[in-house]
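Residue numbers (our numbering), protein chains in the order written: chain A, 1 to 88; chain B, 1001 to 1088; chain C, 2001 to 2157; chain D, 3001 to 3157.
All residues carry an ideal CB built from backbone N, CA and C; glycine is no exception.
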Amino acid sequence: MSAPATSLSVKLLLFATYAELAGREQVTLEVPGPATVADVVRFFRASWPGADRVPDRPMAAVNRVHARLDTVVSDGDEIALLPPLAGG
Amino acid sequence: MSAPATSLSVKLLLFATYAELAGREQVTLEVPGPATVADVVRFFRASWPGADRVPDRPMAAVNRVHARLDTVVSDGDEIALLPPLAGG
Amino acid sequence: MRYLTRSPIDPGMLTVEAAGPADGGVASFIGLVRDHHAGRGVTRLEYSAYEPMADGEVGRIVREAEARWPVRVALRHRLGSLEIGDIAVAVVAASAHRAPAFEACRYVIEEVKRRVPIWKKEFYADGSIGWVDPTATARGDQSRERPDAAALGQVSE
Amino acid sequence: MRYLTRSPIDPGMLTVEAAGPADGGVASFIGLVRDHHAGRGVTRLEYSAYEPMADGEVGRIVREAEARWPVRVALRHRLGSLEIGDIAVAVVAASAHRAPAFEACRYVIEEVKRRVPIWKKEFYADGSIGWVDPTATARGDQSRERPDAAALGQVSE
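Following this line, the structure appears as structure tokens:
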């Protein structure tokens, strides 16, 4: 049942200070599968100039729901890295 | 320092259901001194027709501040008997 | 009288009264006239008070809250005839932060219910009329036991 | 979006939205833009959000509160540019009685602060600009620790 080690396409969203640190709000990444959210973060930080200014263990969401860094991602997922929340 | 056993004039106020039970909202009483709030209540209940329908240990106030029934009253005091509170 | 009114209560005005530019959190409580009480339909009600004492007692409660928490409190209690949905009481507590605002707001409404000499006459859907006695119902309709006179007397000493 | 707005928030309208004729207690929280934060003067601020997730997360919180207490909850969170004294967020919880109204209102605002992806950029009196990080200050300015990603992730599982 485990996925083959093919490439996954995921959309990575960055907000607030993370968007400013990385110089972008959105990137599409092709990551080797299977991959967790932590793998996607690691791949992003190593692949884009300035991306390593984003923390290596940020708060994250997958498909608009809070997710742990060990959550396994699927092709087409929307992954968001969330700086410290300041609503309310 | 104890007061002589002279008569005290006090104003007794009745509210809400107590006023309806006693058929009046205000009476002036001449009670033998020294007297506590409880003495005033006892005197009132024994002196006025229908007044014994007011409870013998009601919540009370002296001069617009909550007071225990053993509070000693002074000539000219305004004593109020307070039915169960229902504000808010 | 500062805290009692026979006119409709405007909670927005109380928020303006309580909150300043340094305040980030405003907790409020509004008591509304319900269409039921203890299982009976209610059509309207009348609040009466020992007015000078009620106003003074509310003032003492407000000052207690403002001494205990870094808040400013605004409050109005309605008297007279009220319809279903009317605001009977509004308490607003403003602070720099939300925790003291919530705590002070809750304290004030609990103490108002416990200590302020106000009475409520309910007019029921069946045509009958009754004075509300929060100490007489066992329906969980009230969150406090009746305070005894001694306990309240000690408050004033 | 149901819970996020770029227009001024009217708490009175939220009270109407939440409360019906059977409700006797309405507890509210209003978050206002303060003129200071962590000792610095603030002149205005901007709220931004991961909008679809923020709206969904607020909805989950509201449903949690309405499942846990006999309440109806109304809420708005403002986005965009706000001035000092503007309402940033308003939560209204209406119930037959006051205790669940208070508890639900407090729960909702605490969870909103903990879980909803909204960010705040402050513009300071000295001309500088900063993103607010409630996890970075030790001034007692926030009542909650930063939730770690694992704890929040579990919420969604």
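Within chain C, the residues that residue i reaches when beta carbons sit closer than 8 Å
i, result
"Ser1045 of chain B", "Before going on, a small fix: residue 1045 of chain B reads as Arg here, not Ser. In chain order: nothing, as chain C lies at least about 16 Å away."
"Asp3035 of chain D", "Pro2021 and Ala2022"
"Thr3015 of chain D", "Pro2011 and Ile2030"
Inter-residue Cα distance where the pair is residue i and residue j
i, j, result
"Glu1020 of chain B", "Arg3068 of chain D", "43 Å"
"Arg3139 of chain D", "Pro83 of chain A", "Residue placement at Arg3139 of chain D cannot be trusted, given a pLDDT of 43 that sits under 50; the coordinates are not used to answer."
"Val1054 of chain B", "Pro1034 of chain B", "23 Å"
"Gln3154 of chain D", "Val72 of chain A", "Residue placement at Gln3154 of chain D is poorly supported in this model, since its pLDDT is 45, which falls under 50; the coordinates still yield a value, given next. Roughly 14 Å separates the two Cα atoms."
"Ser2161 of chain C", "Lys3113 of chain D", "With chain C running from 2001 to 2157 in the structure shown, residue 2161 of chain C is simply not present."
"Pro3011 of chain D", "Arg2078 of chain C", "20 Å"
"Val10 of chain A", "Val40 of chain A", "9 Å"
"Arg1068 of chain B", "Ala1080 of chain B", "12 Å"
"Gly88 of chain A", "Ala2125 of chain C", "43 Å"
"Glu25 of chain A", "Glu3017 of chain D", "36 Å"
"His3036 of chain D", "Asp1075 of chain B", "55 Å"
"Ile3118 of chain D", "Glu3051 of chain D", "8 Å"
"Lys1951 of chain C", "Val2132 of chain C", "Because residue 1951 of chain C is not part of the residues shown, which for chain C are 2001 to 2157, the question remains open."
"Gly2130 of chain C", "Tyr1018 of chain B", "13 Å"
"Leu3004 of chain D", "Ala3093 of chain D", "17 Å"
"Pro2147 of chain C", "Asp2055 of chain C", "Any answer about Pro2147 of chain C is weak, because its pLDDT of 47 lies below 50 and its placement is not dependable; what the coordinates show is given next. Cα to Cα, the separation comes out at about 19 Å."
"Gly2025 of chain C", "Pro3134 of chain D", "16 Å"
"Arg3060 of chain D", "Asp52 of chain A", "33 Å"
"Thr1028 of chain B", "Ala1061 of chain B", "16 Å"
"Ala22 of chain A", "Met59 of chain A", "16 Å"
"Ser3095 of chain D", "Val1065 of chain B", "33 Å"
"Ala86 of chain A", "Glu3057 of chain D", "14 Å"
"Ala2022 of chain C", "Ala3019 of chain D", "30 Å"
"Arg45 of chain A", "Ala2088 of chain C", "59 Å"
"Arg2040 of chain C", "Trp1048 of chain B", "35 Å"
"Ser1006 of chain B", "Ser2128 of chain C", "The displayed chain sequence assigns Thr, not Ser, to residue 1006 of chain B. Cα to Cα, the separation comes out at about 47 Å."
Contact set for residue i: own chain, Cβ-Cβ below 8 Å, skip 5 residues either direction
i, result
"Glu3064 of chain D", "Tyr3107 and Glu3111"
"Val3042 of chain D", "Val3033, Arg3034, Asp3035, His3036, Ile3084, Glu3122, Phe3123, Tyr3124 and Ala3125"
"Ala1038 of chain B", "Arg1057, Leu1069 and Asp1070"
"Gly1050 of chain B", "Leu1021, Ala1022 and Gly1023"
"Pro13 of chain A", "A quick correction: the sequence has Leu, not Pro, at residue 13 of chain A. The residues are Glu25, Gln26, Glu78, Ile79, Ala80 and Leu81."
Close-in-space but distant-in-sequence residues of the same chain around residue i (CB under 7 Å, 5 per side omitted)
i, result
"Glu2083 of chain C", "Val2033 and Arg2044"
"Ala1016 of chain B", "Pro1083"
"Pro2100 of chain C", "Trp2069, Pro2070 and Val2071"
"Glu2066 of chain C", "Arg2072 and Val2073"
"Asn1063 of chain B", "Asp1077 and Glu1078"
"His2097 of chain C", "Gly2024 and Gly2025"
"Met3001 of chain D", "Glu3051 and Asp3055"
"Val2062 of chain C", "Val2073, Leu2075 and Val2108"
Neighbour list for residue i in chain D, Cβ cutoff strictly below 8 Å
i, result
"Val2116 of chain C", "Those do not exist, as Val2116 of chain C stays about 15 Å from chain D at its closest Cβ, beyond 8 Å."
Interface partners of residue i on chain C, CB under 7 Å
i, result
"Ile3084 of chain D", "Pro2021"
Own chain residues within Cβ distance below 6 Å of residue i, not counting five before or after
i, result
"Ala3090 of chain D", "Ile3009, Pro3011, Leu3014, Ile3030 and Arg3076"
"Val1031 of chain B", "Leu1008, Val1040 and Phe1043"
"Gly3080 of chain D", "Arg3006"
"Asp1070 of chain B", "Thr1036"
"Ala3027 of chain D", "Ala3093, Ala3101, Phe3102 and Cys3105"
"Ile2109 of chain C", "Phe2029 and Val2091"
"Met3053 of chain D", "Pro3117"
"Asp2086 of chain C", "Val2033"
"Glu2046 of chain C", "Ser2081 and Lys2121"
"Arg3115 of chain D", "Glu3057"
Per-residue contacts from residue i into chain A (C-beta, under 9 Å)
i, result
"Val3132 of chain D", "Pro84 and Ala86"
"Ile3109 of chain D", "Gly88"
Amino acids of chain A, ordered along the chain, whose beta-carbon sits closer than 8 Å to that of residue i
i, result
"Thr3135 of chain D", "Pro84"
"His3077 of chain D", "Gly87 and Gly88"
Interface partners of residue i on chain D, CB under 9 Å
i, result
"Phe2102 of chain C", "Ala3027, Phe3029, Phe3102, Cys3105, Arg3106 and Ile3109"
Cross-chain neighbours of residue i in chain B, by beta carbon under 9 Å
i, result
"Val2089 of chain C", "Gly1087 and Gly1088"
Neighbour list for residue i in chain B, Cβ cutoff strictly below 7 Å
i, result
"Val2112 of chain C", "Gly1087 and Gly1088"
Neighbour list for residue i in chain C, Cβ cutoff strictly below 9 Å
i, result
"Ala3093 of chain D", "Correct list: empty, because the minimum Cβ distance to chain C is about 10 Å."
Closer than 8 Å, Cβ to any Cβ of chain A: which residues of the stretch 3038-3072 of chain D, in chain order? Going along the stretch 3038-3072 of chain D in chain order, one finds Tyr3047, Ser3048, Ala3049, Tyr3050, Pro3052, Met3053, Ala3054, Gly3056 and Glu3057 with a Cβ nearer than 8 Å to chain A.
field: Uninterrupted beta strand (DSSP E) stretches inside the stretch 3052-3117 of chain D (no shorter than 3 residues)
entry: List check, beta strand (DSSP E) in window: 3071-3078, 3080-3083 and 3087-3095.
_Interface residues of the stretch 12-38 of chain A facing chain D [CB-CB below 9 Å]_ = Leu13, Phe15, Ala16, Thr17, Glu20 and Val37
For this session: Please list the residues of the stretch 1046-1065 of chain B that have a C-beta atom closer than 8 Å to any C-beta atom in chain C, keeping them in chain order.
Result: For the stretch 1046-1065 of chain B, which is checked against every Cβ of chain C, the residues closer than 8 Å are Arg1057, Pro1058, Met1059, Ala1060, Ala1061, Arg1064 and Val1065.
I'd like the ranges of any beta strand (DSSP E) spanning at least 3 consecutive residues and lying wholly in the stretch 12-57 of chain A.
26-32
- Of all the beta strand (DSSP E) runs that stay within the bounds of the stretch 2026-2055 of chain C, which reach a length of 3 or more residues? 2040-2049
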